[in-house]
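Asks:
4 protein chains.
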Amino acid sequence: MARIKDQHKLEQINKAACVLVLKTGFAGLKMADVAKEADVAAGTLYVYYPTKEALINSLFKEVKSEIVQVLINPKHHSLSFYNTFQKMWLSYFNFCMKFPEKMLFVEHFFHSGLLSKQTIDFAHSIMEPVFEFIKQAQNNELIKKGDVLIIQSQISGPIHETIKLILANKIKPTKTNIHLCFEMSWQAIRK
Amino acid sequence: MARIKDQHKLEQINKAACVLVLKTGFAGLKMADVAKEADVAAGTLYVYYPTKEALINSLFKEVKSEIVQVLINPKHHSLSFYNTFQKMWLSYFNFCMKFPEKMLFVEHFFHSGLLSKQTIDFAHSIMEPVFEFIKQAQNNELIKKGDVLIIQSQISGPIHETIKLILANKIKPTKTNIHLCFEMSWQAIRK
Amino acid sequence: MARIKDQHKLEQINKAACVLVLKTGFAGLKMADVAKEADVAAGTLYVYYPTKEALINSLFKEVKSEIVQVLINPKHHSLSFYNTFQKMWLSYFNFCMKFPEKMLFVEHFFHSGLLSKQTIDFAHSIMEPVFEFIKQAQNNELIKKGDVLIIQSQISGPIHETIKLILANKIKPTKTNIHLCFEMSWQAIRK
Amino acid sequence: MARIKDQHKLEQINKAACVLVLKTGFAGLKMADVAKEADVAAGTLYVYYPTKEALINSLFKEVKSEIVQVLINPKHHSLSFYNTFQKMWLSYFNFCMKFPEKMLFVEHFFHSGLLSKQTIDFAHSIMEPVFEFIKQAQNNELIKKGDVLIIQSQISGPIHETIKLILANKIKPTKTNIHLCFEMSWQAIRK
DNA sequence: AATGAATGAGATTTCATTCAT
DNA sequence: CATGAATGAAATCTCATTCAT
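Chains as they are written, first to last, in our numbering: chain V, 18 to 208; chain U, 18 to 208; chain H, 18 to 208; chain L, 18 to 208.
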């Protein structure tokens with residue numbers, strides 16, 4: 018038997034790619050740098066991904082999936098919609114604070130022109146459970162009616178912007194600021 | 018007056034750079050492509066901008082300025098804050114619909130790692146009048162207190178997301194959708 | 018006006034590629050070496066040919082055409098078929114002696130798996146006038162009947178082999194050897 | 018007797034290398050592909066051959082030897098030279114038809130620049146018995162005088178070309194075509 | 001001996017920039 | 001000023017070879 022394909026190595030590569038996007042912006046994401054950051058030979062990247070494009074697409078799907086996992090965590094289920102929503106919102110906010118590289122990776126590449134249609138479609142389809150959750154609340158007259166995509170972008174958009182402001186050291190992640198941000202989202206969508 | 022060389026050609030180049038970002042994403046923005054789209058020789062770009070970085074930074078500042086002009090248009094002044102806000106919001110929304118390439122150019126490059134600190138600082142400073150407008154409303158107890166950057170990102174973030182959804186053909190720019198989007202922003206920030 | 022695309026430079030590149038095939042065998046034909054041999058920057062090759070494969074295909078077609086020109090030279094026309102054939106044969110032999118790199122280039126790449134079907138088809142189609150010449154002689158009962166491709170390969174095959182032996186210093190291009198080679202071809206095809 | 022490791026595996030590898038040359042040309046003969054075609058791991062190739070070059074040189078010598086065996090088969094001995102020659106010619110033609118990958122492997126690599134001088138010398142030396150056979154016939158005034166290399170290339174050259182035409186589906190291996198080919202060779206060399 | 005993941009030198013190709021015209 | 005062919009540093013990617021298992 019040869020060395021088995023190392024799950025750990027794949028994770029190293031993925032992590033490295035995300036971290037580099039956070040550090041240097043993704044315009045300069047170079048395969049050589051990813052390899053160095055992952056402490057792996059350049060050629061090794063191509064054992065796991067046939068092209069740079071494939072790496073980005075695959076990684077995008079993986080991270081997007083992880084994000085959706087965070088959102089639809091069963092632990093969020095609560096008696097009231099407000100409570101569930103709040104838990105979801107906070108989970109996601111905390112996730113973005115903990116792994117800004119992941120949030121930025123998805124944000125940056127979504128409109129970069131580097132993702133395949135297949136990947137974009139995947140990203141939309143995987144969000145279905147989240148959309149369902151929104152629709153139910155709409156049916157129960159708990160939040161505003163209207164296209165779920167608009168409702169959802171009203172929630173995630175400001176979170177991303179706020180995280181970016183924090184990363185840019187323009188604002189601090191104080192309780193006040195986080196609460197303001199949440200409160201605005203809630204007021205935006207509530208009936 | 019050989020200073021501004023050929024204003025028309027400069028505009029062609031700027032337009033081309035924006036349009037290409039809209040068409041193919043900004044990750045692969047190539048000088049050769051900008052030249053072709055602008056119907057100009059590659060070398061000509063360097064008559065107007067010394068480097069690609071200069072082109073992007075300069076164009077970013079120009080477009081960002083144009084956007085601020087749209088926001089702080091004196092025509093928006095009205096008796097009530099709500100009225101003024103609504104006019105601003107609509108102006109900006111319509112601007113983004115009319116020139117999505119400009120909105121996306123600014124959006125895409127803002128966190129790309131390709132802009133100089135100087136440009137980033139400029140972008141923040143030029144927004145001062147808008148922040149002032151928000152602060153006044155806060156002082157007059159018309160909208161929520163808190164960091165103006167958070168308030169502002171709550172307004173622009175959803176607009177950008179909604180425009181992107183429209184461009185991606187995920188939703189239609191119907192009166193209902195536009196009104197929903199505005200209403201959510203208003204509910205988000207109002208006291 | 019910029020520099021005009023330099024016909025001379027294209028010829029330099031083509032010559033260089035042929036020469037390198039002769040010198041180092043074509044398995045090791047490297048773009049960097051072609052550039053160096055042509056006294057041109059590596060990137061310049063890509064001004065003229067989009068890929069290495071394109072360079073090889075294009076060059077192959079050009080050299081093959083040149084060879085056909087040598088074969089169907091109007092000056093060869095003579096009263097007797099024997100005379101015309103002898104002139105053709107000698108022209109081709111001398112061409113191969115003068116430009117062994119061209120002969121070898123065509124020989125080597127023809128069965129290399131690097132040429133596109135289109136190029137292979139071109140190579141066959143361009144030989145039509147030569148086949149016509151053979152067919153006429155067959156109709157006039159001057160040479161053996163049978164598939165022209167077989168007749169033709171009986172003529173060119175030995176020439177190529179002989180040239181290779183000369184290049185490998187195994188035999189000398191003496192009058193005796195050349196005459197023997199021609200005489201065998203003639204005896205092979207004559208009625 | 019761990020000398021020859023696994024004879025079967027070695028044959029698989031050799032066959033694979035030949036077959037790939039036939040299928041895809043020799044320019045792109047890759048060790049990984051040879052391994053896959055031989056249904057063996059890449060590393061295994063290096064158990065049998067220290068380098069790619071060694072594989073090619075060794076295989077070349079082996080196949081060339083096999084070819085010479087075919088040519089100097091004692092069964093060909095007959096009363097008349099013509100009969101012997103005809104048997105040799107047919108044996109070789111049939112061998113090439115049965116194992117075109119072997120013929121092409123030798124053909125392709127002979128002038129590829131990838132073989133060592135030692136291998137080239139071996140290839141020439143092993144042909145000595147064949148050259149002797151030709152020389153005897155010359156001494157007996159049965160065939161034309163002249164350098165045996167030229168005589169020999171007049172025989173093998175057309176066979177190779179004809180086989181290639183058959184493989185390329187340009188002609189069919191009919192009795193007529195084969196007979197024409199042989200007849201031309203005979204007329205070429207006979208006194 | 002056999003495996004195939006990992007390597008890294010070196011190949012092809014790209015693209016911002018220069019410069020002769 | 002304008003051009004676009006030419007450049008070459010740097011990027012992506014390949015592949016013969018190694019080596020841990």
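Note that CB positions come from ideal geometry on N, CA and C, so glycine has one too.
#1: What does the alpha-carbon distance come out to for the pair phenylalanine 102 (chain U) and glutamine 29 (chain U)?
#2: Buried or exposed: which applies to alanine 19 (chain U), given that a residue is buried once 16 or more other Cβ atoms fall within 10 Å of its Cβ?
#3: Quick check on DSSP: helix, strand or coil for cysteine 35 (chain V)?
#4: Determine the burial state of proline 117 (chain L): buried for a count of at least 16 other Cβ atoms within 10 Å of its Cβ, exposed for fewer.
#5: Where does histidine 177 (chain V) land, buried or exposed, given buried means 16+ other C-beta within 10 angstroms?
#6: Beta-carbon within less than 8 Å of asparagine 157 (chain V)'s beta-carbon, same chain only, minus the 5 sequence neighbours each way: which residues are those?
#7: Within 10 angstroms of the Cβ of glutamate 124 (chain U), are there 16 or more other Cβ atoms? Answer buried if so, exposed if not.
#8: What residue range is occupied by the uninterrupted alpha helix (DSSP H) comprising alanine 140 (chain H)?
#9: Just to make sure I have the definition right: I need the residues of chain U whose C-beta is within less than 9 Å of the C-beta of isoleucine 217 (chain V). Which are they?
#10: Measuring straight from C-alpha to C-alpha, what distance separates valine 85 (chain H) and serine 108 (chain H)?
#11: At what residues does the alpha helix (DSSP H) containing threonine 101 (chain H) begin and finish?
#12: Return the residue from the list L:Leu72, L:Phe43, L:Val64 and L:Ala55 that minimises the CA-CA distance to lysine 32 (chain L).
#13: Would you mind reading off the limits of the alpha helix (DSSP H) that contains histidine 196 (chain U)?
#14: Using only CA atoms, which one of L:Gly174, L:Thr193 and L:Lys47 lies nearest to methionine 201 (chain H)?
#15: Starting from leucine 107 (chain V), find everything on chain U with Cβ-Cβ shorter than 9 Å and list it in chain order.
#16: Should the segment 127-142 of chain U be called in touch with the segment 43-57 of chain V, which here means at least 3 C-beta pairs below 8 Å?
#17: What residues in the segment 131-153 of chain L have a beta carbon less than 7 Å from any beta carbon of chain H?
#18: Kindly indicate which residue of L:Lys189, L:Thr191, L:Ala52 and L:Leu37 has the alpha-carbon position closest to the one of lysine 119 (chain L).
#19: Strictly below 7 Å CB to CB, what residues from chain H border isoleucine 206 (chain L)?
#20: Whole angstroms are fine: how far does the CA of cysteine 198 (chain V) sit from the CA of proline 190 (chain V)?
#21: Taking all protein chains shown into account, do 16 or more other C-beta atoms lie within 10 angstroms of the C-beta of leucine 62 (chain L), making it buried, or fewer, making it exposed?
#22: Would serine 75 (chain H) pass as an interface residue toward chain L - the criterion being a Cβ-Cβ separation below 8 Å?
#23: Which residue wins for smallest C-alpha separation from valine 64 (chain V), given the options V:Gln135, V:Leu27, V:Thr136 and V:Gln155?
#24: According to DSSP, simplified to helix, strand and coil, what is isoleucine 188 (chain L)?
#25: Along chain L, in chain order, which residues have C-beta atoms closer than 9 Å to that of threonine 41 (chain H)?
#26: Measure how close the beta-carbons of asparagine 74 (chain L) and serine 133 (chain L) come, nearest whole angstrom, since I'm counting them as under 8 Å.
#27: Over what stretch of residues does the alpha helix (DSSP H) that includes aspartate 50 (chain L) continue unbroken?
#28: Can you tell me which residues form a DSSP beta bridge with isoleucine 160 (chain U)?
#29: Name the residues in the segment 21-33 of chain H whose C-beta lies less than 7 Å from a C-beta of chain L; which are they?
#30: Taking Cβ to Cβ, would you say glutamine 169 (chain H) is nearer than 8 Å to phenylalanine 139 (chain H)?
#31: Contact defined as beta carbons within less than 8 Å: I believe phenylalanine 122 (chain V) pairs with valine 80 (chain V). What is the distance between those atoms, to the nearest angstrom?
#32: So, are the CB atoms of alanine 58 (chain U) and methionine 48 (chain U) less than 8 Å apart?
#33: Any idea what DSSP makes of glycine 42 (chain U), helix, strand or coil?
#34: How many Å lie between lysine 162 (chain V) and methionine 114 (chain V) at the Cα?
#35: Over the uninterrupted alpha helix (DSSP H) stretch that includes alanine 71 (chain H), give me the two end residues.
Replies: In short:
#1: 33 Å
#2: Note that alanine 19 (chain U) has pLDDT 44, beneath the 50 cutoff, so the model's placement of it is unreliable and the number below is only indicative. Counting Cβ neighbours within 10 Å, alanine 19 (chain U) comes out exposed, since fewer than 16 surround it.
#3: helix
#4: buried
#5: buried
#6: Phe98
#7: buried
#8: 134-143
#9: An answer regarding residue 217 (chain V) cannot be provided, because it is not within the stretch 18 to 208 covered by chain V.
#10: 11 Å
#11: 98-115
#12: L:Ala55
#13: 192-206
#14: L:Gly174
#15: None at all; the shortest Cβ gap to chain U is about 16 Å.
#16: yes
#17: Leu131
#18: L:Leu37
#19: Met201
#20: 10 Å
#21: buried
#22: no
#23: V:Leu27
#24: coil
#25: Gly130
#26: 6 Å
#27: 48-54
#28: U:Arg207
#29: none
#30: no
#31: 6 Å
#32: no
#33: coil
#34: 30 Å
#35: 69-88
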